[in-house]
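Okay, structure first, notes after.
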Amino acid sequence: MPNKTFFWFFLPTGLAMILFIGLPIISTGIQSFYAQHDQIVKEVKKCDPFGCTVSIVVDNEQTSKIREAKPLGKFNGFGTYTDRNHLAVGEIKKFWNETESFSAFIDQVTNLPFYKALIFTLTYCLFVTPNVLLLGFIIALSLNAVARKIRGPLIFGTILPMIVTPLVGSLVLFWMIDSQGIIGANIQNLMNDPYLSLKSSKTLTWITIIIYGIWHHSPFAFVVFYAALQTVPQEPVEAAIIDGASRLQRIKHIVLPHIYPVVTFVALISLMDNFRVFEPIIGFSAEGSAQSLSWLIYDNLVNEEVILFGSAAATSIMTIIGIAILLAPVLIRTWKEFRIAR
Amino acid sequence: MDYGLDKKTTSLKTFNTIFIIVWLLIACFPFIWTFWGSFKVRADFFSRSDWWYAISAFNTLIETGGKFTTNAYGQAWTEGEFWKASKNTVIVTIFVVSISLFLGTLGAYALSRSTRNYAFWLLILALIFRAMPHITLVSGYLFPFFELQIWGILPTTIVVLVAINQPFTLWLLYSFFKTVPRELDESALIDGCSYFQTFRHIIMPVMWPGVITAGLFSLMLAYNDFTVTALLLNQENHTMVPKIQSYLGTNQHEGNLMWAVSSVVSATAPLFILVMFFQRQIISGLTAGAIKG
Numbered sequence: 048m049p050n051k052t053f054f055w056f057f058l059p060t061g062l063a064m065i066l067f068i069g070l071p072i073i074s075t076g077i078q079s080f081y082a083q084h085d086q087i088v089k090e091v092k093k094c095d096p097f098g099c100t101v102s103i104v105v106d107n108e109q110t111s112k113i114r115e116a117k118p119l120g121k122f123n124g125f126g127t128y129t130d131r132n133h134l135a136v137g138e139i140k141k142f143w144n145e146t147e148s149f150s151a152f153i154d155q156v157t158n159l160p161f162y163k164a165l166i167f168t169l170t171y172c173l174f175v176t177p178n179v180l181l182l183g184f185i186i187a188l189s190l191n192a193v194a195r196k197i198r199g200p201l202i203f204g205t206i207l208p209m210i211v212t213p214l215v216g217s218l219v220l221f222w223m224i225d226s227q228g229i230i231g232a233n234i235q236n237l238m239n240d241p242y243l244s245l246k247s248s249k250t251l252t253w254i255t256i257i258i259y260g261i262w263h264h265s266p267f268a269f270v271v272f273y274a275a276l277q278t279v280p281q282e283p284v285e286a287a288i289i290d291g292a293s294r295l296q297r298i299k300h301i302v303l304p305h306i307y308p309v310v311t312f313v314a315l316i317s318l319m320d321n322f323r324v325f326e327p328i329i330g331f332s333a334e335g336s337a338q339s340l341s342w343l344i345y346d347n348l349v350n351e352e353v354i355l356f357g358s359a360a361a362t363s364i365m366t367i368i369g370i371a372i373l374l375a376p377v378l379i380r381t382w383k384e385f386r387i388a389r
Numbered sequence: 039m040d041y042g043l044d045k046k047t048t049s050l051k052t053f054n055t056i057f058i059i060v061w062l063l064i065a066c067f068p069f070i071w072t073f074w075g076s077f078k079v080r081a082d083f084f085s086r087s088d089w090w091y092a093i094s095a096f097n098t099l100i101e102t103g104g105k106f107t108t109n110a111y112g113q114a115w116t117e118g119e120f121w122k123a124s125k126n127t128v129i130v131t132i133f134v135v136s137i138s139l140f141l142g143t144l145g146a147y148a149l150s151r152s153t154r155n156y157a158f159w160l161l162i163l164a165l166i167f168r169a170m171p172h173i174t175l176v177s178g179y180l181f182p183f184f185e186l187q188i189w190g191i192l193p194t195t196i197v198v199l200v201a202i203n204q205p206f207t208l209w210l211l212y213s214f215f216k217t218v219p220r221e222l223d224e225s226a227l228i229d230g231c232s233y234f235q236t237f238r239h240i241i242m243p244v245m246w247p248g249v250i251t252a253g254l255f256s257l258m259l260a261y262n263d264f265t266v267t268a269l270l271l272n273q274e275n276h277t278m279v280p281k282i283q284s285y286l287g288t289n290q291h292e293g294n295l296m297w298a299v300s301s302v303v304s305a306t307a308p309l310f311i312l313v314m315f316f317q318r319q320i321i322s323g324l325t326a327g328a329i330k331g
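Top line first, the protein sequences correspond to chains A and B.
Residues 48 to 389 in my numbering are what the first sequence spells out, letter by letter.
Residues 39 to 331 in my numbering are what the second sequence spells out, letter by letter.
Structural data, given as C-alpha cells:
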C-alpha cells in the first residue's frame, strides 16, 4: 500500500489516539509540575468598644482571582513528587534517622499513602496473576474433557464473571460476603463471633479483593487457554500415550510447551489489567484498609473542595512508569525479534 | 481423530465433574442470588437477624403482602431516574460502537496491508496505549476539558471512549484482516478499483465475523465503563454504572441499597442475553490476538 493511501486510511484512528491518549499523557506530565494555589489570607482589624482584635481570614475574592488568572496552579517543580503524599523523600529520611530497628523503619514507610498503595497494588498483581493462570488452565483442561454437546452452556456459565464490569462484579460478591449477606452471616454463626466482618480486618479485606480478582480474571485465561488447547496436535499426544506417559507428564512435556506463547500473552494482559485495580475497592467499600495507585488518583480527582490536579497527575506519571517497567521486557524482546526478522 | 487411546478412569471423570460443578457454582451463584434478592425488601436481602429471611421472604410478606416484590425496580427506574441513565447508556453505546468500528476497520485494514516498518511500530504504540490505566488518562483530560468547557456532556465521553477503545479494536481487526488473502485485494486493484473501493466492496463483505466481534468488544467497553463515565459526566448525564454507584451512598448521604441491587440486575440482564447469543464471536475475538499473533 502506498504511503499516501496508508496515511488517509490511518488518519482518523491515529488522530483519535494522539488527541485522546497521547496528548492527555503529556497534559498529565505538565500538570504534575503544578500545584493548586494556596488560599490568600488577609488580616482584618475588628474594633469594638472593648478594643481592637486582628484576625486572619481567607480572602475569597483574591483567591478566586488568582485561580482564574492561572488555572493550572503555581509552578511546583518536582515538589509534588517529593511531598508526603507521593515519594515522601523528607519523611523517609526522617524515619531512617529516628527509628531504631529496620522493621520499625519499614513499618513507618509503609504507612505513607503512596507506599501503602504501591504495596497493595503489587501484592494484588503478585497473587492474582499466577492464580488466574493456574485456575484458568485447570478449568480449560477440565472443560476440554467434557462431552462436546454440553460445552456451550458450561462455557457461558464460566465466562459470566468476566463480562460484567468490575464494579458490578465486586458489588454482587460484596452483598453476599457482607456481615448481613448470606455468606458473611453464616460465617459469623459458624465462628460464633458477631463482630467478625469484612471491614473489621485489613487482612480479610485484602484476601477478599484478591479472591475477587481471581474470580473476575480467570475466565479470560480460561477462554484463551481453551482455544489454544484446540490447536494442540493429537499425534504427539497419542505417541506419548503409547509410550506410557502419564496424564501429568503429557501436560507437562507436550501441551504446556505447545501453548507457551499464549501463556506469556495471558500473563502480560492480566498483569497490565491487575496493575490498574481500582473498581473493586469502591465495590467492596474497602477504602479504609486497601488503596491502590489508581484509587489514589481517583480520590484526588473527586476531592470535594478543590480537585488536586497536580497530585493526581504526579501519581499518574508514577503509575505510567510502573507500567513501563512491567512492559519493558516484552518490548525489548519484540524489538530484538523485529531486528532479527529484518 | 480420536482413536480412543486416551482412556479416562472413572475416578478421574468423577473428580472432573465435581470440579466443574463447584466452579460453575462459584461463577454463577452470586448472580443468581442477586437476581433472587432483587425481588425482596431490604430487611430480607440484607438481614441482620437471619439470612434465611432472604429465602422465606419474612419481611417482604409483612411489608408488601407478597413473597416477591418489584418495588425496588419501580422506584429505581422512576424515582431514582434509572431510565435516564439507561437512555444515556444506550446513546453512548450506539455511538461508541459505530464510530470505533468505522475508524478501526479503516486503520486496521491499512495496517494489515502495509509492508513498511512504521506499520509495525504503530502496532507497538497501540499496545503501549492499551496498557495505560484509564484513570491516568482521565487525570489528563479533566483540566483541559474544564478549560474548554466541554466537561460533563455525552459527546465528549463518546469521543474519549472511542479513542480509548481504538488500540484494542485495531489489534483485533488487524489479526482478522490478516486472515483475508491479499490476492483478493490485488485482483480488485488490477481491475481498476481504488483502495477505498476495494476496502468497501471486496474486503468488508468477507469481514463481517471480525467486525461483529470487534463491535461486541466496543459495546462491552462502552456499556461497562465506570472510570471515564463517572468522572467525565455530570450528574444529569450519568450512565448506568456510575448511577449504580451513586445509589450506594456515601458518608454524607445514605443511599438506597435495594435500588442498587435492582439496577445491577437491570444493567446486567441485557449483557448476559447478548453474550448468550454471541458467545462464539466473543471467544474467537479473545483468542484471535493470542493464537494467530
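Don't be surprised by glycine CBs; every beta carbon is placed ideally from N, CA and C.
In this text, all values refer to a predicted model and were calculated from it rather than measured experimentally.
Exercise. Is it buried or exposed for residue 98 of chain A, if we count other Cβ within 10 angstroms and need 16 for buried?
Worked result: exposed
Exercise. Is any beta-carbon of chain B found at less than 7 Å from that of residue 227 of chain A?
Worked result: yes
Exercise. Listing by chain order, which chain B residues have their CB less than 8 Å from the CB of residue 323 of chain A?
Worked result: 171, 172, 173
Exercise. Counting Cβ pairs closer than 8 Å, one from the region 47 to 56 of chain B and one from the region 74 to 94 of chain B, do we hit at least three?
Worked result: no
Problem set entry | Neighbourhood of residue 82 of chain B by C-beta, 7 Å cutoff - its chain only, sequence neighbours within 5 removed | For residue 82 of chain B, where only same-chain residues beyond five positions count, the Cβ hits under 7 Å are 91, 92, 95, 96, 97, 98.
Problem set entry | Beta-carbon separation (whole angstroms), residue 270 of chain A vs residue 206 of chain A, contact threshold 8 Å | The beta carbons of residue 270 of chain A and residue 206 of chain A sit about 6 Å from each other, so the pair counts as a contact at 8 Å.
Exercise. Could you give the distance in angstroms between the alpha-carbon of residue 241 of chain B and the alpha-carbon of residue 50 of chain A?
Worked result: 20 Å
Problem set entry | Burial state of residue 54 of chain A (16 or more Cβ within 10 Å) | exposed
Exercise. Whose C-beta lies closer than 7 Å to the C-beta of residue 355 of chain A among residues of the same chain, with five residues either side of it excluded?
Worked result: 83, 347
For this session: Using only alpha-carbon positions, find the residue among A:374, A:286, A:337 that is nearest to residue 311 of chain A.
Result: If you compare the alpha carbons of A:374, A:286, A:337 with that of residue 311 of chain A, the shortest gap goes to A:374.
For this session: Tell me where the alpha helix (DSSP H) around residue 326 of chain A begins and ends.
Result: Residue 326 of chain A: member of the alpha helix (DSSP H) spanning 326 to 330, first to last residue.
Exercise. Any Cβ of chain A within less than 7 Å of the Cβ of residue 187 of chain B?
Worked result: no
Exercise. Between residue 134 of chain B and residue 198 of chain B, is the Cβ-Cβ spacing less than 7 Å?
Worked result: no
For this session: Could you tell me whether the Cβ of residue 363 of chain A comes closer than 7 Å to any Cβ of chain B?
Result: yes
For this session: For residue 235 of chain A, decide whether its Cβ has a neighbour in chain B, counting only Cβ atoms nearer than 7 Å.
Result: no
Problem set entry | Partner residues on chain A for residue 151 of chain B, Cβ-Cβ distance less than 7 Å | Residue 151 of chain B reaches chain A at 48, counting residues in chain order whose Cβ is nearer than 7 Å.
Exercise. For residue 82 of chain A, which residues does DSSP report across the bridge?
Worked result: A:121
Exercise. What are the residues that DSSP puts in a beta bridge with residue 91 of chain A?
Worked result: Paired residues: A:102.
Exercise. Between residue 319 of chain B and residue 203 of chain A, which are expected to be in contact by the criterion C-beta below 8 Å, what is the C-beta distance as a whole number of angstroms?
Worked result: Wrong, their Cβ atoms sit about 13 Å apart, outside the cutoff.
For this session: Have a look at A:287, A:211, A:286, A:313 and flag the residue whose alpha-carbon is nearest the alpha-carbon of residue 257 of chain B.
Result: The shortest Cα separation from residue 257 of chain B among A:287, A:211, A:286, A:313 belongs to A:211.
For this session: Put residue 159 of chain A into one of helix, strand or coil per three-state DSSP.
Result: In the structure shown, the three-state DSSP call for residue 159 of chain A is coil.
Problem set entry | Residue ranges of each alpha helix (DSSP H) within the region 104 to 170 of chain B, 4 or longer | 109 to 116, 120 to 151, 155 to 169
For this session: Pull up the distance between the alpha-carbon of residue 158 of chain A and that of residue 150 of chain A, whole angstroms please.
Result: 13 Å
For this session: For residue 190 of chain B, write down the residues that DSSP places opposite it in a beta bridge.
Result: B:271
Exercise. So, using beta-carbon positions, are residue 204 of chain B and residue 209 of chain A closer together than 7 Å?
Worked result: no
For this session: Would you kindly check if the distance between the Cβ of residue 120 of chain B and the Cβ of residue 301 of chain B is under 7 Å?
Result: yes
For this session: Anything in the region 72 to 83 of chain A with a Cβ closer than 7 Å to a Cβ of chain B? List those residues in chain order, please.
Result: 72, 74, 75, 78
Problem set entry | Closest by C-alpha distance to residue 297 of chain B, when choosing among B:160, B:216, B:140, B:112 | B:112
For this session: Could you pull the start and end residues of the alpha helix (DSSP H) that residue 354 of chain A belongs to?
Result: Careful: residue 354 of chain A lies outside any alpha helix (DSSP H) and carries neither H nor E.
Exercise. Is the Cβ-Cβ distance between residue 146 of chain B and residue 208 of chain B less than 7 Å?
Worked result: Taking 7 Å as the Cβ cut-off, residue 146 of chain B and residue 208 of chain B qualify as a contacting pair.
For this session: Please list the partners that residue 308 of chain B has in chain A, where partner means a Cβ-to-Cβ separation under 7 Å.
Result: In chain order: nothing, as chain A lies at least about 11 Å away.
Exercise. At a CB-CB cut-off below 9 Å, which residues of chain B make contact with residue 370 of chain A?
Worked result: Simply 166, 169, 170, 171, 174.
For this session: Please report how far the alpha carbon of residue 263 of chain B lies from the alpha carbon of residue 120 of chain A, in whole angstroms.
Result: Going by C-alpha positions, residue 263 of chain B is about 30 Å away from residue 120 of chain A.
Problem set entry | Reduced DSSP secondary structure (H/G/I, E/B, other) of residue 195 of chain A | helix
Exercise. Of the choices A:167, A:387, A:228, whose alpha-carbon is the least far from that of residue 250 of chain A?
Worked result: Measuring from the Cα of residue 250 of chain A, the nearest candidate turns out to be A:167.
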